[in-house]
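*Asks:*
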Amino acid sequence: MIHQDIFVSLSAQFTIFTTQKCVFVFSMLLNLISLICLLKQTPPNQALIRNYLILTQIMIIIFDMVFELAIEPIVLFPILGGFCCGWLCSIVPLPYVVSLFIILVCNIGVSIMICVIFRHQAILFDSSPFKLSKRSIKVIRVTLLSIFYCPALVYAFKPIDYNSIESVVDENNLGWVRDRCKYYFEHRSLIVTAVCWAMEAHSKRSSASVRAIKKSLTILFLQLFIPLFMICTPAGIIFVGLATGDTVSFGENKLRT
26 MIHQDIFVSL
36 SAQFTIFTTQ
46 KCVFVFSMLL
56 NLISLICLLK
66 QTPPNQALIR
76 NYLILTQIMI
86 IIFDMVFELA
96 IEPIVLFPIL
106 GGFCCGWLCS
116 IVPLPYVVSL
126 FIILVCNIGV
136 SIMICVIFRH
146 QAILFDSSPF
156 KLSKRSIKVI
166 RVTLLSIFYC
176 PALVYAFKPI
186 DYNSIESVVD
196 ENNLGWVRDR
206 CKYYFEHRSL
216 IVTAVCWAME
226 AHSKRSSASV
236 RAIKKSLTIL
246 FLQLFIPLFM
256 ICTPAGIIFV
266 GLATGDTVSF
276 GENKLRT
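Take the sequence shown: its position 237, counting from 1, is numbered 262 in this note's numbering, and each next residue is one higher.
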């Protein structure tokens, strides 16, 4: 097992939190501008999709408020865990906080995917074989929410192993976190363990072993990147469509006929 010596000074912690607050201010300003534009400037032929975009925008605002104000986390990567100094962490067990964070991120992803599905359906004629019924769309919504929510809910109700947490703290010389805020650590997942093992083994292996390790890491990266790409791509398409107006029709042609 690889041990890491990580230390975050009080000045560095203050800098991190200050940076988070600055990002939060700019983010909220842009989010509010976007929300006002959606409410006031949406053209009539985009009235239906506006509700989905408003939902996505509200999810982003809620995430920013919870993450930057209520949680205030500092993740001590590559160790699987960290500490948080927000008011929510002082009254709620940290596994619940982690689950809430996962659920909020999933809400953003699901709302984007549902929005993309609606856009796709808007440009299809009723005779198209790809046209989904309202019941099918509802089933897709429930399925997406179940896929993303179930792991977070299971994690929230997992018993907390305090001995395991303290062993991670002691093994990695993290005793200083006990004098800070609430902290929580897990033993490394398979992904983090594989990455850290590869980083240490790189300089001790032969050329053939290094190539095999790089190949394994490439496959691992693709396994992580593809699901993320499926969320970011719809978000990018929506942004381009809203920014340019003519690049992506968003069902405009059908609505005009």
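Think of the CB as a built atom: it goes at the ideal place given N, C-alpha and C, for glycine as much as any other residue.
Between which residues of its own chain and S124 is the CB-CB distance below 7 Å, once the five residues before and five after are set aside?
*Replies:* So the qualifying residues of the chain are A177, L178, Y180, A181.
*Asks:* The beta strand (DSSP E) with P98 in it runs from where to where?
*Replies:* 98-100 is the extent of the beta strand (DSSP E) around P98.
*Asks:* Suppose only complete runs of 3+ residues qualify. What are the beta strand (DSSP E) ranges in the segment 88-130, listed by chain order?
*Replies:* Taking only runs of at least 3 residues, the beta strand (DSSP E) segments lying wholly in the segment 88-130 are 98-100, 106-109.
*Asks:* When the distance is taken between beta carbons, is F108 closer than 8 Å to K207?
*Replies:* Taking 8 Å as the Cβ cut-off, K207 and F108 qualify as a contacting pair.
*Asks:* Just the C-alpha distance for Q38 and L199, rounded to the nearest angstrom, thanks.
*Replies:* Taking the straight line joining both Cα atoms gives about 15 Å.
*Asks:* Is K163 helix, strand or coil by DSSP?
*Replies:* Of the three classes helix, strand and coil, the one that applies to K163 here is helix, per DSSP.
*Asks:* Where F92 and M138 are concerned, what is the direct C-alpha to C-alpha distance, given to the nearest angstrom?
*Replies:* When rounded, the distance between both Cα atoms is 22 Å.
*Asks:* Can the beta-carbon of I41 be found closer than 8 Å to that of I99?
*Replies:* Contact: yes.
*Asks:* Helix, strand or coil, according to DSSP, for F210 in the structure here?
*Replies:* Here F210 sits in strand by DSSP.
*Asks:* Let's test the definition: count the other Cβ atoms within 10 Å of the Cβ of C257 and tell me whether it reaches 16, buried, or not, exposed.
*Replies:* Exposed, because fewer than 16 other Cβ atoms sit within 10 Å of the Cβ of C257.
*Asks:* What does the Cβ neighbour count give for F88, buried or exposed, with the cut at 16 atoms within 10 Å?
*Replies:* Buried is the call here.
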